[in-house]
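Chains A and B, in that order, are what the protein sequence lines are. The opening residue of the first sequence carries number -13 in my numbering; numbering runs sequentially from there. The opening residue of the second sequence carries number -13 in my numbering; numbering runs sequentially from there. Inspection log for the structure reproduced underneath, given as structure tokens.
There are 2 protein chains.
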Amino acid sequence: MPGRRKWQCRFRENVSRWTVPREVILDLLSRTSKHMSTKDIYASLTSLYPGIGLTTVYRTLELMHRLGFVQKVTAHDGQRRYELKDEGKRNHHHHLICNGCGDIIDYRDFVQEELEFIKKAGEVLTAKHSFLIQDHNIEFLGICEKCRATTRNSE
Amino acid sequence: MPGRRKWQCRFRENVSRWTVPREVILDLLSRTSKHMSTKDIYASLTSLYPGIGLTTVYRTLELMHRLGFVQKVTAHDGQRRYELKDEGKRNHHHHLICNGCGDIIDYRDFVQEELEFIKKAGEVLTAKHSFLIQDHNIEFLGICEKCRATTRNSE
DNA sequence: CTGTGTGCAAAGCATTTGCACTATG
DNA sequence: CATAGTGCAAATGCTTTGCACACAG
């Protein structure tokens, strides 16, 4: 519940109500560092708040995505995944996605270089394509440590 | 049909047969610069090759993805999209994705800076996470020119 | 010939929608 | 109280599977 009041305000600012399902979902997301699918979230929540409906989870996540509170994570597994958006630059990160097991690993390295690159890219793209950049996404695909050990060259 | 023989070999190398559906799909992909969904591809193909089945399109695209011939494009619209993988650095590009209309715009700018950034990132990540990097993906999200003109601050 | 690839129809699942009901502000 | 939000069940729509047949090598 830390920051509950802050969230409450952020919802209000956006003509949205502060409800129990929203609080529970937000609370769960703020406690985990993982990229949860809608189903995951729903499953984790049923114990804490048995009455919640899957539909509500879907709608809440989409709402929070539209409001910019959460980020969709690209998982090529046919499920939508979300994570709370980074607060400031301290927690900014990107993903390593394993082509073997589908695992998603966070990394927070070389942030400075990235910022410079992104900044420059943003300027060029905005100028050239009249595109208003709101966000960016960088991901590396490959094989994680575990899979490298296990798999030799199967599948 | 340019490069048909090359593709034929690439399939053979991978213990896969060179068939009419595969040729037609590959041909279509090499003619377009767009990010086509499986349905798009299927639809475009029915005129050229009426007998083709949706299932075959799905299977062929997944096969070509596994073989590294095509790239999955992140579209947050619940449809799988593919594009032929870039040949060499000349055609390397990334995407601008419009949060308004969902359009995907290619850009090929500041490739040099990107390569440097990616290279450095790759080294660090490989060392730190024992992750074998095979590919990367960079995308910018925002509002495209059209949507900026149309929408003021609705939805 | 042998086994990979294809098409079709039937599942499988994640996500969305319609609607009556509840609870926030 | 007015209306945004919720839950359920039904409907969508993309993707996968099972199977008999076709065709590449």
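For each residue, glycine too, the CB sits at the ideal point set by N, CA and C.
- Query: If you scan the segment 46 to 111 of chain B from start to end, which runs of the alpha helix (DSSP H) of 4 or more residues do you find wholly inside it?
  - Reply: Within the segment 46 to 111 of chain B, no run of alpha helix (DSSP H) reaches 4 residues while sitting entirely inside it.
- Query: Applying a beta-carbon distance threshold of less than 7 Å, which residues of chain A neighbour F96 of chain B?
  - Reply: By one-based count along the second sequence, residue 96 of chain B stands at place 110. Chain A residues near F96 of chain B: K106, A107 and V110.
- Task: Taking only the alpha-carbon atoms, compute the straight-line gap between N148 of chain A and C130 of chain A and give it to the nearest angstrom.
- Result: In the structure as shown, chain A begins at -13 and stops at 141. Residue 148 of chain A is therefore absent and cannot be evaluated.
- Query: Can you tell me whether DSSP reads S116 of chain A as helix, strand or coil?
  - Reply: Taking the first residue of the first sequence as 1, we reach residue 116 of chain A at position 130. S116 of chain A falls in the coil class under three-state DSSP.
- Message: Tell me which residues of the segment 8 to 41 of chain A have at least one Cβ-Cβ distance to chain B shorter than 7 Å, keeping chain order.
- Response: Those would be none; no residue qualifies.
- Message: Just to confirm my understanding: we take R138 of chain B, look at its own chain, exclude 5 residues before and 5 after, and list those with CB closer than 6 Å. What are they?
- Response: As a first step, residue 138 of chain B must be located in the second sequence, where it is residue number 152. With a pLDDT of 46 at R138 of chain B, under the threshold of 50, the modelled position of this residue cannot be trusted, and the question is left open.
- Going by other Cβ atoms of all chains shown within 10 Å of its Cβ, with 16 needed for buried, is E141 of chain B buried or exposed? In the second sequence, residue 141 of chain B corresponds to position 155, counting from 1. Bear in mind that a pLDDT of 36 at E141 of chain B, under 50, signals an unreliable position, so the model cannot answer this.
- Query: Which residues, taken in chain order from the segment 116 to 135 of chain B, show a beta carbon closer than 7 Å to some beta carbon of chain A?
  - Reply: S116, F117, L118, I119, Q120, D121, H122, N123, I124, E125, F126, L127, G128, I129, C130, E131 and R134
- Message: Quick check on DSSP: helix, strand or coil for S23 of chain A?
- Response: Along the first sequence, one-based indexing puts residue 23 of chain A at 37. Three-state result, S23 of chain A: strand.
- Query: Along chain B, in chain order, which residues have C-beta atoms closer than 8 Å to that of F103 of chain A?
  - Reply: Within the first sequence, the letter at position 117 stands for residue 103 of chain A. Result: E99, E100 and F103.
- Item | the segment 60 to 73 of chain B: positions lying closer than 7 Å to chain A by Cβ | T60 and H62
- Message: Quick check on DSSP: helix, strand or coil for I38 of chain A?
- Response: Working through the first sequence from its first residue, we reach residue 38 of chain A at position 52. It is coil, neither helix nor strand.
- Do we get a CB-CB distance below 7 Å when we pair L47 of chain B with the residues of chain A? Walking along the second sequence from the start, residue 47 of chain B turns up at place 61. No, L47 of chain B does not count as interfacial toward chain A.
- Message: Tell me whether the segment 118 to 128 of chain A and the segment 116 to 134 of chain B touch, counting them as touching only if at least three CB pairs, one residue from each stretch, are closer than 8 Å.
- Response: Pairwise C-beta distances place the segment 118 to 128 of chain A in contact with the segment 116 to 134 of chain B, as three or more of them are shorter than 8 Å.
- Query: Would the beta-carbon of V10 of chain B fall within 7 Å of that of L31 of chain B?
  - Reply: Position 24 of the second sequence holds residue 10 of chain B. Position 45 of the second sequence holds residue 31 of chain B. Cβ atoms of V10 of chain B and L31 of chain B: closer than 7 Å.
- Task: Run down chain A in chain order and give the residues with a C-beta less than 7 Å from the C-beta of N85 of chain B.
- Result: Working through the second sequence from its first residue, we reach residue 85 of chain B at position 99. Those are Q120, listed as they occur along chain A.
- Near F147 of chain A, what residues of its chain come up, given a Cβ to Cβ distance below 6 Å and the 5 sequence neighbours on each side ignored? Residue 147 of chain A lies beyond the stretch modelled for chain A, which goes from -13 to 141, so this question has no answer here.
- Contact set between Y44 of chain A and chain B, taken where Cβ atoms lie within less than 7 Å: Numbered from its first residue, the first sequence carries residue 44 of chain A at position 58. What Y44 of chain A touches in chain B: nothing, since even the nearest Cβ is about 12 Å away.
- Per DSSP, N0 of chain B forms a beta bridge with which residues? Within the second sequence, the letter at position 14 stands for residue 0 of chain B. N0 of chain B pairs with nothing; no bridge assigned.
- Message: If contact is defined by three or more beta carbon pairs under 8 Å, each pair taking one atom from either stretch, is the segment 51 to 61 of chain A in contact with the segment 97 to 114 of chain A?
- Response: At 8 Å Cβ cutoff, the stretches do not touch.
- Query: Cβ of L82 of chain A less than 7 Å from any chain B Cβ?
  - Reply: Within the first sequence, residue 82 of chain A is the residue found at index 96, counting from 1. At least one chain B Cβ lies under 7 Å of L82 of chain A.
- Bridge-paired residues (DSSP) for G128 of chain B: On the second sequence, position 142 is the one that residue 128 of chain B refers to. Beta-bridge pairing links G128 of chain B to A:I119 and B:C84.
- Query: Is V56 of chain A near Y44 of chain A, with beta carbons less than 7 Å apart?
  - Reply: On the first sequence, residue 56 of chain A is found 70 positions in, with the first residue counted as 1. On the first sequence, residue 44 of chain A is found 58 positions in, with the first residue counted as 1. In this structure, Y44 of chain A does not lie closer than 7 Å to V56 of chain A by Cβ.
- Message: Taking the alpha carbon of R(-10) of chain A as the reference point, which residue from A:G88, A:E99 and A:V6 has its own alpha carbon closest?
- Response: Translated into positions along the first sequence, residue -10 of chain A becomes position 4. Measuring from the Cα of R(-10) of chain A, the nearest candidate turns out to be A:V6.
- Item | Option nearest R152 of chain B by Cα separation, candidates B:P36, B:I104 and B:L70 | What the structure shows of chain B is the stretch from -13 to 141, and residue 152 of chain B is not part of that stretch, so it cannot be assessed.
- Query: Hey, does K58 of chain A have any beta-carbon neighbour from chain B nearer than 7 Å?
  - Reply: Position 72 of the first sequence, counted from the start, is the residue given in the question as residue 58 of chain A. Closer than 7 Å to the CB of K58 of chain A there is at least one CB belonging to chain B.
- Are L118 of chain A and R134 of chain B close, meaning C-beta to C-beta below 7 Å? In the first sequence, the residue the question calls residue 118 of chain A occupies position 132. In the second sequence, the residue the question calls residue 134 of chain B occupies position 148. Their beta carbons are under 7 Å apart, which means L118 of chain A touches R134 of chain B by this criterion.
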